[in-house]
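Novice: In the numbering used here, the protein residues as written are 12 to 453.
Supplied in structure tokens, the structure appears directly below.
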Ligand code: GAP
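Right under this line is the structure:
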């Protein structure tokens, strides 16, 4: 085991095409990132596992894809226009901007070193404002959504009346959110444009007390059992009264041990009937639910599970990263992703290019595409090609050699143990699927 630093993760991500700085050729844009060929596949895999977990594998949860642009009244009702702020100070000398709650205001400016140069703290709203239509005035101001949750609340009645859902039920969605974050350090951990995976669980008032611990347990299990994250890298943090968001009755964060320390990965929030009540007040529309069995009418309470997808990507990379001493003086960089998380599942490699091996391997790789995300590589010595796959976390390498041409068997190499076994081509798909099902994190 080696020390995992953010510099090592950033450098690997750039080198191997996981994540790039946005607009790099123009000097980069702070707080915005591009997901390269491997990064987008990794992100999609995490998203798909989450979506399956939260819709297919649970009763009574349906999906939604609400638009990013919403009526500005949504954000007045939700409280974001007046409350979604961070206290900010500027250094009058060097003009750098800081979050007042993250620096010592009596200390010198961390950028220019001057003392006594900070402005008084001012509240700074984190929402990005833009304009819709041709006129640029107050009436045309709208916001890029700072969370996906409000789209779910606003569509609550549409979903109830058009689907056969009954309380308790959940609505889930994945999508981009935007926050004008003042401090965007630590790579993709806190960015201005990011993705969230959220679920709002609507339940009868009073039953939220039971659902809140239920959803906490479900969400922690997901990280350990489905994404294969080390349990010792995960822990709970309950919000104290000074940390609770303006809408929350109670809140717990799942924290992950990132390279810079323990930080929030996902929040599980008890939001009561706050949001639906606010939307009822601001829109004048009835947001109550009529229980078809008991005829009781009420505004449901909400338990929310709110995870950052892009922050999950950083967790997956940090948890998987290792530099291992293979032999004296020989170190391999390896990403121990769960096989269902890894961006490439199977690499197919001919031992050499000549004598029909490349043709055989290429054909095999095409056949495997229906089942797995595959990669074909015929350049460089086989040992180097294995290392290239280790570095991007490919769990299985299949090597075609001279024996393959006569007996239709291949070498299957496992990333974590580096063990190699001989497998008939006809059993390859089943063998890989079985190994994936039985995968245990090292
Ligand atoms: N709907 C509730 C909500 O948005 P939050 O705690 O503000 O709650 C939920 O955000 C999750 O979204 C966080 O746990 C984090 O994973 C992710 N997140 C929030 N702000 C982020 C940012 N600026 N960059 C990346 N991820 C962020």
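Glycine included, each C-beta is placed from N, C-alpha and C at the ideal position.
Should residue 115 be labelled buried (16 or more other beta-carbon atoms within 10 Å of its own) or exposed?
Specialist: For this step, residue 115 is matched to residue 104 along the chain shown. It counts as exposed.
Novice: What did DSSP end up calling residue 123 once you bin it into helix, strand or coil?
Specialist: Here residue 123 refers to the residue found at position 112 when the chain shown is read from its first residue. Looking at residue 123 - three-state DSSP - the assignment turns out to be coil, as it is neither helix nor strand.
Novice: Does the Cβ of residue 181 have 16 or more other Cβ atoms within 10 Å, making it buried, or fewer, making it exposed?
Specialist: Position 170 of the chain shown, counted from the first residue, corresponds to residue 181. With 16 or more Cβ atoms within 10 Å of its Cβ, residue 181 is classed as buried.
Novice: Please state whether DSSP places residue 84 in a helix, a strand or coil.
Specialist: Translated into positions along the chain shown, residue 84 becomes position 73. Shown here, residue 84 sits in a helix according to DSSP, grouped into three states.
Novice: Tell me the rounded alpha-carbon separation between residue 305 and residue 224.
Specialist: Here residue 305 refers to the residue found at position 294 of the chain shown. Here residue 224 refers to the residue found at position 213 of the chain shown. So the alpha carbons of these two residues sit roughly 26 angstroms apart.
Novice: With DSSP collapsed to three states, give me the class of residue 136.
Specialist: Position 125 of the chain shown, counted from the first residue, corresponds to residue 136. In the structure shown, residue 136 sits in a strand (DSSP, three-state: E or B).
Novice: What do you reckon, are the CB atoms on residue 194 and residue 203 nearer than 8 angstroms?
Specialist: In the chain shown, the residue the question calls residue 194 occupies position 183. In the chain shown, the residue the question calls residue 203 occupies position 192. By the CB criterion at 8 angstroms, residue 194 and residue 203 fall outside the cutoff.
Novice: Measuring CB to CB, does residue 119 end up less than 8 angstroms from residue 125?
Specialist: Position 108 of the chain shown holds residue 119. Position 114 of the chain shown holds residue 125. It is a contact, given that the beta carbons lie within the stated cut-off.
Novice: In terms of alpha-carbon separation, which member of 48, 92, 337 and 209 lies closest to residue 61?
Specialist: Here residue 61 corresponds to residue number 50 of the chain shown, with the count starting at 1. Here the closest residue by C-alpha is 209.
Novice: Hey, out of 36, 53, 257 and 199, whose CA is closest to residue 93's CA?
Specialist: Here residue 93 refers to the residue found at position 82 of the chain shown. The residue with the shortest Cα to Cα distance from residue 93 is 257.
Novice: What residue does the alpha helix (DSSP H) around residue 479 start on, and which one ends it?
Specialist: Here the chain covers residues 12 to 453 and nothing more, so residue 479 does not appear.
Novice: Decide if residue 424 is buried, meaning its Cβ has at least 16 other Cβ atoms within 10 Å, or exposed.
Specialist: Position 413 of the chain shown, counted from the start, is the residue given in the question as residue 424. Classification for residue 424: buried.
Novice: DSSP has residue 142 in a bridge; who is on the other side?
Specialist: On the chain shown, position 131 is the one that residue 142 refers to. 152.
Novice: Please report the straight-line C-alpha distance between residue 362 and residue 406, rounded to a whole angstrom.
Specialist: Here residue 362 refers to the residue found at position 351 when the chain shown is read from its first residue. Here residue 406 refers to the residue found at position 395 when the chain shown is read from its first residue. Inter-residue distance for residue 362 and residue 406 is about 18 angstroms (C-alpha atoms, whole angstroms).
Novice: Jot down the residue ranges of each uninterrupted alpha helix (DSSP H) in the region 263-334, minimum 4 residues, whole runs only, in chain order.
Specialist: 285-294 and 320-331
Novice: Quick one: give me the first and last residue of the beta strand (DSSP E) that residue 74 is part of.
Specialist: Residue numbering aside, residue 74 sits at position 63 when the chain shown is read from its first letter. Run containing residue 74: 72-74, per the beta strand (DSSP E) assignment.
Novice: Take the Cβ of residue 247 as the centre, count every other Cβ of all protein chains shown within 10 Å, and call the residue buried at 16 or more, exposed below.
Specialist: Translated into the one-based positions of the chain shown, residue 247 becomes position 236. Residue 247 should be labelled exposed.
Novice: Beta-carbon within less than 6 angstroms of residue 270's beta-carbon, same chain only, minus the 5 sequence neighbours each way: which residues are those?
Specialist: For the purposes of this step, residue 270 is taken as residue 259 along the chain shown, with counting starting at 1. Only 15, 16, 17 and 329 meet the Cβ criterion.
Novice: Is residue 202 near the ligand GAP, going by C-beta to nearest heavy atom under 7 angstroms?
Specialist: If you number the chain shown from 1, residue 202 lands on position 191. Yes, the beta carbon of residue 202 sits closer than 7 angstroms to at least one heavy atom of the ligand GAP.
Novice: Three-state secondary structure (DSSP) at residue 476?
Specialist: Coverage of the chain is limited to positions 12 through 453, which leaves residue 476 absent and any answer about it impossible.
Novice: Residue 446 and residue 411 look like a contact to me (Cβ under 8 angstroms); what is the Cβ gap, rounded to whole Å?
Specialist: Reading the chain shown from its first residue, position 435 is the one you call residue 446. Reading the chain shown from its first residue, position 400 is the one you call residue 411. Residue 411 and residue 446 do not touch by the CB rule: their CB atoms are close to 19 angstroms apart, not below 8 angstroms.
Novice: Taking the C-alpha atoms as reference points, what is the distance between residue 317 and residue 278?
Specialist: Within the chain shown, the letter at position 306 stands for residue 317. Within the chain shown, the letter at position 267 stands for residue 278. Their backbone Cα atoms lie some 5 angstroms apart in a straight line.
Novice: If you follow the alpha helix (DSSP H) that residue 172 is part of, which residue opens it and which one closes it?
Specialist: Mapped onto the chain shown, residue 172 falls at position 161. Its alpha helix (DSSP H) spans residues 167-173.
Novice: Buried or exposed: residue 24, going by 16 or more other Cβ atoms within 10 Å of its Cβ?
Specialist: Within the chain shown, the letter at position 13 stands for residue 24. Looking at its Cβ environment, which holds 16 or more other Cβ atoms inside 10 Å, residue 24 is buried.
Novice: Is residue 110 near the ligand GAP, with its Cβ less than 7 angstroms from a heavy atom?
Specialist: Position 99 of the chain shown, counted from the first residue, corresponds to residue 110. Because no heavy atom of the ligand GAP lies under 7 angstroms away, the Cβ of residue 110 does not count as near it: no.
Novice: Under 7 angstroms: does the beta carbon of residue 207 sit that close to some heavy atom of the ligand GAP?
Specialist: Position 196 of the chain shown holds residue 207. Checking every heavy atom of the ligand GAP against the Cβ of residue 207, one is found closer than 7 angstroms.
Novice: Would you give the residue range spanned by the alpha helix (DSSP H) that residue 513 belongs to?
Specialist: Since the first residue of the chain shown is 12 and the last is 453, residue 513 is not available in this structure.
Novice: Does the region 352-362 come into contact with the region 40-57, if we say contact requires no fewer than three beta-carbon pairs (one atom in each stretch) closer than 8 angstroms?
Specialist: The region 40-57 and the region 352-362 touch, with three or more beta-carbon pairs separated by less than 8 angstroms.
Novice: On a CA-only basis, which of 112, 130, 107 and 380 is nearest residue 122? Give me that one, please.
Specialist: The residue you call residue 122 lines up with position 111 of the chain shown. That would be 107, whose Cα lies nearest to the Cα of residue 122.
Novice: Between 381, 189 and 110, which lies nearest to residue 99 when the distance is taken from Cα to Cα?
Specialist: By 1-based counting over the chain shown, the position of residue 99 is 88. Looking at the Cα atoms, 110 is the closest of the given residues.
Novice: Answer with buried or exposed for residue 390, where buried requires no fewer than 16 other C-beta atoms within 10 angstroms of its C-beta.
Specialist: Reading the chain shown from its first residue, position 379 is the one you call residue 390. Counting the other CB atoms within 10 Å of its CB gives residue 390 a total below 16, which places it among the exposed residues.
Novice: Give the C-beta separation of residue 463 and residue 199 to the nearest angstrom, bearing in mind that I take them to be a contact with Cβ-Cβ under 8 angstroms.
Specialist: Because the chain here runs from 12 to 453, residue 463 falls outside it and cannot be looked at.
Novice: For residue 385, does the three-state DSSP call read helix, strand or coil?
Specialist: Taking the chain shown and counting its residues from 1, the one referred to as residue 385 is at position 374. Residue 385 falls in the strand class under three-state DSSP.
Novice: Starting from residue 23 and walking both ways along the beta strand (DSSP E), at which residues does that stretch end?
Specialist: As a first step, residue 23 is located in the chain shown; it is residue number 12 there, counting from the start. Here residue 23 belongs to no beta strand (DSSP E); instead the alpha helix (DSSP H) covers 17-26.
Novice: Answer yes or no: the CB of residue 396 versus the heavy atoms of the ligand GAP, is any distance below 7 angstroms?
Specialist: Mapped onto the chain shown, residue 396 falls at position 385. Flag unset: Cβ of residue 396 not near the ligand GAP.
Novice: Please report how far the alpha carbon of residue 117 lies from the alpha carbon of residue 84, in whole angstroms.
Specialist: Within the chain shown, residue 117 is the residue found at index 106, counting from 1. Within the chain shown, residue 84 is the residue found at index 73, counting from 1. Going from the Cα of residue 117 to the Cα of residue 84 covers about 40 angstroms.
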